[in-house]
Every structure is written in C-alpha cells, then in structure tokens.
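Student:
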Amino acid sequence: MASEVRVRYAPSPTGHLHIGNARTALFNYLFARSAGGTFVIRIEDTDTKRNVEGGEENQLKYLRWLGVDWDEGPDVGGPYGPYRQTERLDYYRELTEDLMRRGLAYKCYCTEEELEREREEQAARGETPRYSGRCRNLTEAERAALEAEGRTASIRFRVPEGKTYAWNDMVKGEIAFESDGFGDFVIVKKDGIPTYNFAVVADDHAMRISHVLRGEDHISNTPRQLMIYEAFGWEPPVFGHMTLIVNEQRKKLSKRDETIVQFIEQYEKLGYLPEALFNFIALLGWSPEGERELFSRDELTRIFTPDRLSKSPAVFDPQKLAWMNGEYIRMADPDRVAALCVPHLQAAGFLPEEPDAAQLEWTKRLVLLVREKLHSAADIVPLAEVFFREDPEDEPEAAGVLREEHAPVVLRAFLDAVRSAEGEWTVDAVKALFKDVQQATGFKGKQLFMPIRAALTGQTHGSDLNETIALLGREKTEARLVKRLG
RNA sequence: GGCCCGUUGGUGAAGUGGCUUAACACUCCGGUCUUUCACGCCGGCAUUCAGGGGUUCGAAUCCCCUACGGGUCACCA
1095 MASEVRVRYA PSPTGHLHIG NARTALFNYL FARSAGGTFV IRIEDTDTKR NVEGGEENQL
1155 KYLRWLGVDW DEGPDVGGPY GPYRQTERLD YYRELTEDLM RRGLAYKCYC TEEELERERE
1215 EQAARGETPR YSGRCRNLTE AERAALEAEG RTASIRFRVP EGKTYAWNDM VKGEIAFESD
1275 GFGDFVIVKK DGIPTYNFAV VADDHAMRIS HVLRGEDHIS NTPRQLMIYE AFGWEPPVFG
1335 HMTLIVNEQR KKLSKRDETI VQFIEQYEKL GYLPEALFNF IALLGWSPEG ERELFSRDEL
1395 TRIFTPDRLS KSPAVFDPQK LAWMNGEYIR MADPDRVAAL CVPHLQAAGF LPEEPDAAQL
1455 EWTKRLVLLV REKLHSAADI VPLAEVFFRE DPEDEPEAAG VLREEHAPVV LRAFLDAVRS
1515 AEGEWTVDAV KALFKDVQQA TGFKGKQLFM PIRAALTGQT HGSDLNETIA LLGREKTEAR
1575 LVKRLG
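Using our numbering, count along the first sequence one by one with no gaps and you end on 1580.
This is the structure:
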C-alpha cells in the first residue's frame, strides 16, 4: 500500500511569492524529498482576470532562490503535462460532459445580480448563504427560453443530499462535514473555464497526486472536492491542512499588513540569505525532534516528517528571523556577505557605482568587523555611517566622556602619535599607537579607549576600536581629532 | 449567524496519561572574560499549561461545558 509519494505546489500566477505560499511549497518539497517522492509544480491560472504578466516566472524564480527545485512543472515538463490549467481545458470539458450526461451536473442560468440578491435575502433571514438550487430541475423548454433571452450558463455540481464527507487529515485528524451545509457549486464558469474546486480534483487525479498538503483555509473546500472524487469513482489523495501563519496579534497574515515583510522578493532585497529563510520557514508550523533549530536544506530534507506539523497557528516572529539570519551571516563566506552589502552601501552613497578593488577589500573588512551585529545585509548601512558621516551628533554618554578632565590629555597624545606614525596604517600600527599613548599619559583601559572612541565616533559603543580606526584611515582620524581639540 | 479548527511564559515552541518540581530557542536582565566595544561564557525570567467541571491511583496530555482567537461560507484560488 506504500505507493509512491507525489505531491504538488499549485500557485496562481497572481503576484509575488508570498511567505505563506512559499511555506506551502517548501513543506511539499520537504515531504517529497524526505520520502523519496516526486515534487510537481502546477500553475492554477483559471482566474484569467487575476493573472498577472510575469507572475509565473516570478514565483518560480523565487522558489528557486529559496532552494526549492521540482521534478515536474511548466518549465521542466514531465509525463503528466501540461502543467498549466489553461492548457488542459479539453480535458476538463470531457469530464464536465461526462458529469452532465450522468445528471451529476447541470446548467445554471442565474445572473450574478440574481445570485447576489438571493444571498442578501438569506443573510437578512439569518440563514447561511447558499445557492438555492433554482436551476436544478429546469425542463428542456425552460432552458431553451432562458437561452433565448440571451443568457449564458455556468455549470453546477449537484451536491448529494444527506451525506457525510469525512477524511483523516494528516495534521488535524478526523474531520467531517455534512453535505447539506453546501449548496450546488459552480464547477465551470460562464467563460467555460473550470473553477478551482473542479480543476484541482481533475488535475490531482490525472497527475497521480498522492498527498495534498495545503493551507487550513482549504478545509471547507475539501468536502466539495471529495464529492467530485466520488462522482468520478476516483480514489482521493490523503489530505493535510497546515495551520495558517499569523502575526503577533494572532491575525492571519494580510498582504496589506505593513508591519511584516511578507514577500520573498523583499527578503532578497534586504539581503537575507536564502538558506536562513528556508530554515526559518521550515520552523513555521513544524518542529524537528531534538533541540536544535539550525538546519541546512539537506538536513531538513532528511529529517522532515509530516506528523510533526503543528495543529495551532504559526506565529511569525520577525525578531527570531533576524536572529537566525544573523547566525547564517556569521557562518557565511565574508566575500559573499560583502557582495550582498555592496548595493546597500551604494544606495546610501557610501560606495560609488563601480567600486574599485581597494574599496571592495575595504568593504569586506568592514563586514568582518561588524559581522556579529548584522541581521541582514541592509543593516550594514547604519553600521557604516560612523566612517562616512562627519560631525554626527554626539550621544549624551559620549559627550559626557569628552567632558571628563583627562579626555583632552589622551586625545592630544593620540593626535601626536598619529602624526608621528610612519609606515602602513594597519590594525597593528593602530595598536602600537595606543601603547605609545598609554606610556605617554599613564592612562589605560576604558580611560584610554573611551575618549578616543567618543571623539572619533560620537558614541561610547561600537565595534573593535583598533580595526575601526584602521578602516577609518589616517587622514580622517587626524582630521576628526583636530576638530575635537579645536 | 452556520459549519470547521485552535488556546502551554514577555515571545516562538517542545510535550500525545506517570521520565515534567514543563525541554530548547528568541528577547530582556544580572554576572564574567577582553587595555575599548562587542562576541562568547555562566546565571535569572510559567509551582503551571484559557476558565470551570469530570474520568483516573495519577492529566498540559482523555471527555464535557464556557470564554476567547482563527478559518470558511464566491462564476478567487
């Protein structure tokens, strides 16, 4: 009975890759890979009005960026193609005709306005809005009359009465619905294109999909789909409904919510590492067995099991994502991180359009210096400011340090040392300068470093001072000291 | 409103009847190391699992009710 695992991710090309969709894709991918199965991508483009130009390419591009790959799909082909629903219209038509012939589906001539009014009336009476079934038993003559009026028909599925549709959900367990809660639903729209609920079933069956792992918002679609499987005598796949991703207020992530970055593309632009995002998303509604939470894609691929999918909603915690990305940044090759930082430094005006080798080398040293403070490449900008902004406002603590009695003494001695320094301006050279000042003034530790840090940066905290001064360069260091000593 | 689903700390989250005087992680707060700043390291932060009943020798874990939160009721997917 252990048949092959075939799962799919079925996006609509209606926009950018959202974090929620990315998660659905990722878990299906993980499930397929962990089970040695097949991962399929199918484009659900039946809502032709909402399809956007380039939507499909964009979705696939960012899936790949994340590190997800697939075995069958619109761009790579496969034995069960085509993988775009609008290219499978003939197939759906045959199925529809079959249902009509067997009286399991019928034409509905109601207009949108009529249906709208019907729903309003039901709502006013406190009833659940549901299609009344008024075209259910039209005679041939009535049908002809309606068509003579110029009406076009949609096709509705005849929902069986008094039946229970139940399944054992991979994540939620037993779920059951009464068929009487559903009105006859449209399976083919007036434009001749099937609706979601019909097309998914047709395709999942045709593509031999064994498990359907999708968002919880699809739970109430499942009974409708089960009815269609039943109508054709097909065996339904195993269903699993993952909880939604919610924000810290426990509300479903809305695309309009500006407090959370929700599109994968934005994370790329902010300088997040795909492997960090992958890791983070994998922990959204799923947890591994042990105590570890940093995993490579390969590891996740090995340890993933769908039975550890959570039943309660996954709260998206941006702070934890930032921490995790920081962890990955520290593990990553500095050259790679530096490359990620360059565009941000350019945007801030800290690097020219075409930086030379020396500037790139400098950038890499900067990255190494501040790496432990970096949560994303975009964070490089505020950390780089200290090197480029002249006359920043002193922080209160820094101003306090500079008012201390011994500060001018230390600064004076440091300036002298800088001026008499010879040779290359390296970290070691800077360290030697501090030694000289210590000997000349007798100050050491905080008393020695703080005045210089405050004078040079206007702050009492920051990265390692020796390397900061080395990166600042001899000229800027001297100029800033001179300015302070006025 | 009907139908479905959920509810563990400041936060994420483990836990599927005794191993839990509830892991681990994030955040925050102490301490410590380093001639500066960080990193690191050590320690602290739920006598309690939404509330109330019940089952049981024993419940965060099973059952019921209440409250709260969410999802869904489209010719959108």
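Quick reminder that beta carbons are idealized off the backbone N, C-alpha and C, glycines included. The model shown is predicted, which means the values in this text are computed figures rather than measured ones.
Which same chain residues end up closer than 8 Å to Ile-1385 when comparing Cβ atoms and leaving out the 5 residues on each side of it in sequence?
Tutor: Position 291 of the first sequence, counted from the start, is the residue given in the question as residue 1385. What sits at residue 1385 in the sequence shown is Glu, not Ile. Excluding residues within five positions, none has a Cβ falling inside 8 Å.
Student: Take Pro-1168 as the anchor and find which of Leu-1160, Tyr-1174, Arg-1178 has the nearest alpha-carbon.
Tutor: As a position in the first sequence, residue 1168 is number 74, starting the count at 1. Per the Cα distances, Arg-1178.
Student: By how many angstroms is the C-alpha of Glu-1421 removed from the C-alpha of Glu-1447?
Tutor: The residue given as residue 1447 occupies position 353 in the first sequence. The residue given as residue 1421 occupies position 327 in the first sequence. The straight-line gap from Cα to Cα measures roughly 29 Å.
Student: Are three or more beta carbon pairs between the segment 1270-1284 and the segment 1241-1260 nearer than 8 Å?
Tutor: Contact between the segment 1270-1284 and the segment 1241-1260 is present, because at least three Cβ pairs lie under 8 Å.
Student: DSSP three-state call for Ala-1573: helix, strand or coil?
Tutor: For the purposes of this step, residue 1573 is taken as the residue at position 479 of the first sequence. Helix, per DSSP.
Student: Three-state secondary structure (DSSP) at Glu-1385?
Tutor: On the first sequence, position 291 is the one that residue 1385 refers to. Three-state result, Glu-1385: coil.
Student: Under 8 Å between the Cβ atoms of Leu-1463 and Ser-1557?
Tutor: The sequence position of residue 1463 within the first sequence is 369, counting from 1. The sequence position of residue 1557 within the first sequence is 463, counting from 1. Result yes, Cβ atoms of Leu-1463 and Ser-1557 sit closer than 8 Å.
Student: Assign Ala-1501 to one of two classes, buried (16 or more other C-beta atoms within 10 Å of its C-beta) or exposed (fewer than that).
Tutor: The residue given as residue 1501 occupies position 407 in the first sequence. By the neighbour-count definition (other C-beta atoms within 10 Å, threshold 16), Ala-1501 is a buried residue.
Student: Please state whether DSSP places Asn-1262 in a helix, a strand or coil.
Tutor: Within the first sequence, numbered from 1, the residue matching residue 1262 stands at position 168. When DSSP states are grouped into helix, strand and coil, Asn-1262 belongs to the strand group.
Student: For Glu-1572, which residues in the same chain have their Cβ closer than 6 Å to its Cβ, ignoring the five residues on either side in sequence?
Tutor: Within the first sequence, numbered from 1, the residue matching residue 1572 stands at position 478. Excluding residues within five positions, the ones whose Cβ falls inside 6 Å are Val-1512.
Student: Under 8 Å, do Phe-1528 and Leu-1542 count as touching if we go by C-beta distance?
Tutor: For the purposes of this step, residue 1528 is identified with residue 434 of the first sequence, where counting begins at 1. For the purposes of this step, residue 1542 is identified with residue 448 of the first sequence, where counting begins at 1. Cβ atoms of Phe-1528 and Leu-1542: closer than 8 Å.
Student: Do you know whose CA, among Leu-1579, Phe-1276, Lys-1346, Pro-1476, lies nearest Ser-1406's CA?
Tutor: Along the first sequence, one-based indexing puts residue 1406 at 312. When each option's Cα is compared against that of Ser-1406, the closest is Lys-1346.
Student: Candidates Gln-1553, Phe-1481, Pro-1545: which alpha carbon is nearest Arg-1568's?
Tutor: Sequence index remark: in the first sequence, residue 1568 carries index 474 (1-based). The option with the nearest alpha carbon to Arg-1568 is Phe-1481.
Student: In this structure, what does DSSP give as the bridge partners for Gly-1171?
Tutor: Position 77 of the first sequence holds residue 1171. The partner list for Gly-1171 (beta bridge, DSSP) reads Gly-1167.
Student: Closest to Phe-1271 by CA distance: which of Ile-1287, Thr-1551, Ala-1119, Pro-1254 is it?
Tutor: The residue you call residue 1271 lines up with position 177 of the first sequence. Measuring from the Cα of Phe-1271, the nearest candidate turns out to be Pro-1254.
Student: For Ser-1390 and Asn-1373, what's the separation of their Cα atoms in angstroms?
Tutor: Within the first sequence, the letter at position 296 stands for residue 1390. Within the first sequence, the letter at position 279 stands for residue 1373. About 7 Å.
Student: Out of Phe-1410, Arg-1459, Tyr-1186, which has the shortest C-alpha to C-alpha gap to Asp-1429?
Tutor: For the purposes of this step, residue 1429 is identified with residue 335 of the first sequence, where counting begins at 1. Checked all of Phe-1410, Arg-1459, Tyr-1186; the closest Cα to Asp-1429 is Arg-1459.
Student: Starting from Met-1336, follow its DSSP beta bridges and name the residues at the other end.
Tutor: Along the first sequence, read from residue 1 onward, the residue named residue 1336 stands at position 242. In DSSP, Met-1336 forms a bridge with Gly-1309.
Student: CB-CB under 7 Å to Gln-1532, same chain, minus the five flanking residues each way: which ones, in chain order?
Tutor: Along the first sequence, one-based indexing puts residue 1532 at 438. Cβ within range, chain order: Lys-1538, Leu-1542.
Student: At 3 residues or longer, what runs of the beta strand (DSSP E) sit wholly inside the segment 1339-1421?
Tutor: none
Student: With Glu-1241 as the anchor, note down where its alpha helix (DSSP H) starts and where it stops.
Tutor: Sequence index remark: in the first sequence, residue 1241 carries index 147 (1-based). 1234-1242 is the span of the alpha helix (DSSP H), which, as asked, contains Glu-1241.
Student: Taking Cβ positions, are Leu-1307 and Val-1101 nearer each other than 8 Å?
Tutor: The sequence position of residue 1307 within the first sequence is 213, counting from 1. The sequence position of residue 1101 within the first sequence is 7, counting from 1. Their beta carbons are under 8 Å apart, which means Leu-1307 touches Val-1101 by this criterion.
Student: May I ask which residues mark the beginning and end of the alpha helix (DSSP H) holding Ser-1304?
Tutor: The residue given as residue 1304 occupies position 210 in the first sequence. It is not in any alpha helix (DSSP H) - Ser-1304 carries neither H nor E in the DSSP assignment.
Student: Using 10 angstroms around the beta-carbon of Asp-1311, count the other beta-carbons present and answer buried if the total reaches 16, otherwise exposed.
Tutor: Numbered from 1 along the first sequence, position 217 holds the residue referred to as residue 1311. Answer is exposed; the Cβ neighbour count stays below 16.
Student: Rounded to whole angstroms, how far is the Cβ of Ala-1515 from the Cβ of Ala-1507, which I believe are closer than 8 Å?
Tutor: Reading the first sequence from its first residue, position 421 is the one you call residue 1515. Reading the first sequence from its first residue, position 413 is the one you call residue 1507. The Cβ separation is near 13 Å, so there is no contact.
Student: Could you tell me which whole beta strand (DSSP E) segments of length 3 or greater appear in the segment 1150-1228?
Tutor: 1199-1202
Student: When the Cβ atoms of the segment 1206-1225 are set against those of the segment 1139-1147, are three or more pairs found closer than 8 Å?
Tutor: no
Student: Going by beta carbon distance, what residues of the same chain come within less than 8 Å of Tyr-1174, once the five residues before and after it are set aside?
Tutor: The count along the first sequence starts at 1 and reaches residue 1174 at position 80. Val-1134, Glu-1166, Ala-1300, Met-1301, Arg-1302.
Student: For Asp-1401, count the other beta carbons within 10 Å of its own beta carbon; 16 or more makes it buried, fewer makes it exposed. Which is it?
Tutor: Here residue 1401 is taken as the residue at index 307 of the first sequence, counted from 1. By the neighbour-count rule (16 or more Cβ atoms within 10 Å), Asp-1401 is not buried but exposed.
Student: Buried or exposed: where does Leu-1579 fall if 16 or more other Cβ atoms within 10 Å of its Cβ makes it buried?
Tutor: Here residue 1579 refers to the residue found at position 485 when the first sequence is read from its first residue. Result: exposed.
Student: State the beta-bridge partners of Thr-1132 as determined by DSSP.
Tutor: What you label residue 1132 is simply residue 38 of the first sequence in a count that begins at 1. In DSSP, Thr-1132 forms a bridge with Arg-1100.
Student: How long is the line joining the alpha carbons of Arg-1187 and Pro-1288, rounded to whole angstroms?
Tutor: In the first sequence, the residue the question calls residue 1187 occupies position 93. In the first sequence, the residue the question calls residue 1288 occupies position 194. Whole-angstrom Cα-Cα distance: 9 Å.
Student: Do Val-1332 and Met-1264 have their beta-carbon atoms positioned less than 8 Å apart in this structure?
Tutor: On the first sequence, position 170 is the one that residue 1264 refers to. On the first sequence, position 238 is the one that residue 1332 refers to. For Met-1264 and Val-1332, yes; Cβs fall inside 8 Å.
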